[in-house]
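The sequence shown runs 1 to 284 under the working numbering.
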Amino acid sequence: MGHLGHPFPMTESPAIYFDSHMHTPLCKHAEGHPIEYMQHGVSKNLKGIIMTCHSPMPDRFSHRVRMSPEQFGTYMEMVSEAAEEAPDGFDVLLGMESDWFPGMEPWLTELHSSADFHYILGSVHWHIPEYIDAFWKGDSSAFRIQYFEHLAESAESGLFDSLAHPDLVKNASPEDWHFETVQPHIESALDRIAASGVAMELNTSGLNKVMPEMNPGPQMLELMCSRGIPVVIGSDSHNPGRVGESFLSGLGMLEKAGYDKVSIFRERKRQDLLISKVKETIAP
Ligand SMILES: [Zn+2]
Ligand SMILES: [Zn+2]
């Protein structure tokens, strides 16, 4: 086409994949308007992005790291603004990263029916004060077992399309994290998740965490693959420059674990794509 400054990169293959996990400044720990996330998504030759900011919660639950219930309308407006600014053929879709926590199910049911979401990520955020107050009893091993139990419960709640960063708890006490010790608990959680039909996320932001590997790591991915659990890749960007980050190595990890397909959600329905096709389209 040769338009100087055209936002589309010159790639051979038409874009097909999405980055399905990213935030907005409404959560008080992310920067950049969704328009900027959209622009970075375009430069990575993605087909679109799904904004999944941290869910509003009732009674000031973990309010320091999320939008207030009153800001939910603003959130939807910001996502629409980015959708309007996007080049033809690039989608900016509404999603949410919702906190799973015992007793919050009615709130989340209501929230998820209050807008036309394309994708709902469920998160067990072990590091928020409310979770630590309720479940930290001074024993890191028991804490991890509880986390994986909660992960399975969150899948069985039927509230979510996919489970975000599903081994995040390895950052709780990384010096005594031994995969083999936790493996039986992970496996029984994965059996329940597989039975629920819920997908799981491969979150590339794990590379920047205390324990520098994606969430989940390679051993857990293999156990997921052997149970046929679908995977959606997300960058969990809290700044626009990370959109699509490490997607090619994420796809490589999936192949190593035995996967030949990777998934995305749209209108809360899963679509499975061949990894070999997706790889051809992602800009490095
Ligand atoms: Zn966040
Ligand atoms: Zn999260």
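Even glycine gets a Cβ: it sits at the ideal position worked out from N, Cα and C.
Whole-Å CB distance - residue i paired with residue j, under 8 Å assumed
i    : j    : result
V243 : K44  : 6 Å
V232 : S162 : 5 Å
M211 : N203 : In fact, because the Cβ distance is near 12 Å, the residues do not count as touching under 8 Å.
S13  : E280 : 5 Å
Nearest-angstrom Cα separation, counted from residue j out to residue i
i    : j    : result
Y37  : I229 : 28 Å
K47  : F72  : 25 Å
N239 : V65  : 15 Å
H6   : K269 : The predicted position of H6 is uncertain, since its pLDDT is 48 and thus under 50; a value taken from the coordinates is nonetheless stated next. Cα to Cα, H6 sits roughly 32 Å from K269.
A82  : S276 : 30 Å
L223 : F160 : 21 Å
E77  : E175 : 43 Å
L207 : G252 : 15 Å
S309 : E187 : Residue 309 cannot be examined here, being either before or after the span of the chain that is shown, 1 to 284.
H127 : A164 : 14 Å
E105 : H112 : 10 Å
M1   : L273 : Summary for M1: the model assigns pLDDT 39, below 50, so the residue's position carries little reliability, and this model does not support an answer.
V278 : K137 : 44 Å
E267 : D59  : 29 Å
E255 : Y17  : 16 Å
Short Cβ contact (8 Å threshold) for residue i with residue j
i    : j    : result
G95  : L121 : yes
S235 : H21  : yes
I35  : G41  : no
F285 : I282 : It is not possible to answer for residue 285, since the shown part of the chain is limited to 1 through 284.
S62  : E130 : yes
Proximity winner among the options, relative to residue i (alpha-carbon distances)
i    : options               : result
E201 : G89, E70, K269, D19   : D19
A189 : P69, I50, E149, E84   : E149
Y217 : E175, P166, A199      : For the sequence presented, residue 217 should be read as Gly rather than Tyr. Of the listed residues, the one whose Cα sits closest to G217 is P166.
R144 : G258, A194, L93, F179 : F179
E97  : E130, T52, K137, M78  : T52
E70  : P56, F61, V79         : P56
G89  : A15, A115, P184, R266 : A15
F265 : E130, S205, L93, D133 : L93
Residue-level contact to chain B via CB, residue i, 8 Å cutoff
i    : result
F179 : In the structure shown, chain B does not exist; there is a single protein chain.
Residues near residue i by beta carbon distance below 8 Å, same chain, minus five either side
i    : result
T74  : L26, M67
A199 : D161, S162, L163, I229, P230, V231, V232, S263, F265, R270
Cutoff 6 Å; reference residue i; Cβ partners in own chain excluding five residues on either side
i    : result
S237 : M22, V243
V182 : R144
Sequence-distant residues of its chain with Cβ nearer than 7 Å to residue i (five each side left out)
i    : result
G241 : H40
S140 : A172, S173, D176
task: Measuring from each Cβ to the nearest heavy atom of ligand 3, keep the ones under 7 Å and list them in chain order.
output: Among the ligands in the structure shown, ligand 3 does not appear; only ligand 1 and ligand 2 can be found there.
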